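Sequences listed follow chains A and B, in order. For the record, in the first sequence the residue sitting at position 115 is 109 according to the working numbering, with numbers rising by one throughout. For the record, in the second sequence the residue sitting at position 85 is 187 according to the working numbering, with numbers rising by one throughout. Please read the structure below before turning to the comments.
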Amino acid sequence: ETGVTQSPTHLIKTRGQQVTLRCSSQSGHNTVSWYQQALGQGPQFIFQYYREEENGRGNFPPRFSGLQFPNYSSELNVNALELDDSALYLCASSPMTDRNTGELFFGEGSRLTVL
Amino acid sequence: AQSVTQLGSHVSVSEGALVLLRCNYSSSVPPYLFWYVQYPNQGLQLLLKYTSAATLVKGINGFEAEFKKSETSFHLTKPSAHMSDAAEYFCAVSYNTNAGKSTFGDGTTLTVKP
């Protein structure tokens, strides 16, 4: 069983640039959620994707956007990067079925630094 | 709205001592509660979960937690700490088993002294 994988693991951008982060969900999982974890804080819910559509969004501006593909993999895009966007971005997958036991399966994250 | 408060951002115990990590939640509906562990440079891993069944929940690595509705608490305990338990621990709450929209606390860093 393949776990959640994220890429890239680390990247550095400058203010105003755009970034795309990628996530492959665990085998058999059709739901992907994205979280932002700033240094010293807990993960903050950005949004969730199910059946290629956004299925709930946290308190993040529209410059945070995403996609889900037919194979359930997902992308997180952030436009007009700001210094405060520096964080660890976590992807988590889960099955949206009766097999859903309420557990999130996390990848190891993409650490974004904005200079 | 739901929220989670973890009391104590850092907890230090000696090896073999009791581990107690505190979590209080706020939820307008019956909550689903989770504890996750994060080791350095890794993602989060589920330790245990409460989903309205038994109030005392047992998880992996000898951890357990008790749901106390009257105290809105879900504290994590382990009778005897091991060096390998040193990590960051997060409490999370969600409205239902769609944990993908969970609200997390700010975490507690556990240090285990030899």
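Idealized CB from N, CA, C, for every residue including glycine. Fair warning: this is a prediction, and the values are worked out from it, not measured in the lab.
- Counting the other CB atoms within 10 Å of its CB gives residue 200(B) a total of 16 or more, which places it among the buried residues.
- As computed with DSSP, residue 47(A) is found in a beta bridge with 44(A).
- In this structure, the CA atom of residue 51(A) is about 26 Å from the CA atom of residue 175(B).
- Using a CB distance cut-off of 8 Å, residue 149(B) does not count as an interface residue toward chain A.
- Interface with chain B (8 Å Cβ-Cβ cutoff): residue 80(A) is excluded.
- When 9 Å is used as the limit between beta carbons, residue 39(A) is near these residues of chain B: 202, 203, 204, 205 and 206, in chain order.
- Annotation for residue 169(B): 152, 157 and 176 place their beta carbon closer than 6 Å to its own, counting only its chain and skipping 5 residues before and after.
- Partner residues in the beta bridge of residue 30(A), as assigned by DSSP, are 38(A) and 83(A).
- Non-local beta-carbon contacts of residue 107(B) in its own chain, meaning distances under 7 Å to residues more than five positions away in sequence, involve 126 and 207 in chain order.
- For residue 60(A), the beta-bridge partners assigned by DSSP are 70(A).
- For the C-beta of residue 97(A), the chain B residues within less than 8 Å are, from N- to C-terminus, 136, 148, 151 and 201.
- Between residue 182(B) and residue 194(B), the gap from beta carbon to beta carbon reaches 8 Å or more.
- Taking C-beta atoms as the reference points, residue 83(A) and residue 26(A) fail to come closer than 8 Å.
- Ranked by Cα distance from residue 139(B), the options 103(B), 104(B) and 166(B) are led by 166(B).
- Under DSSP, residue 6(A) takes part in a beta bridge, and its partners are 107(A).
- When the five nearest sequence neighbours on each side are left out, the beta carbons in the same chain lying within less than 8 Å of the beta carbon of residue 160(B) are those of 150 and 166, in order along the chain.
- Each residue's CA atom was taken as its position, placing residue 214(B) and residue 116(B) some 5 Å apart.
- In chain B, no part has a C-beta under 9 Å from the C-beta of residue 60(A); the shortest such distance is about 13 Å.
- Chain-order list of chain B residues neighbouring residue 42(A): 202 and 203, by C-beta distance under 7 Å.
- Exclusion of the five residues before and after residue 135(B) leaves 152, 176 and 195 as the residues of its chain whose Cβ lies within less than 6 Å of its Cβ.
- When C-beta distances to chain B are compared with 9 Å, the residues of the region 9 to 37 of chain A below that value are 25, 26, 27, 29, 31, 34, 35, 36 and 37, in chain order.
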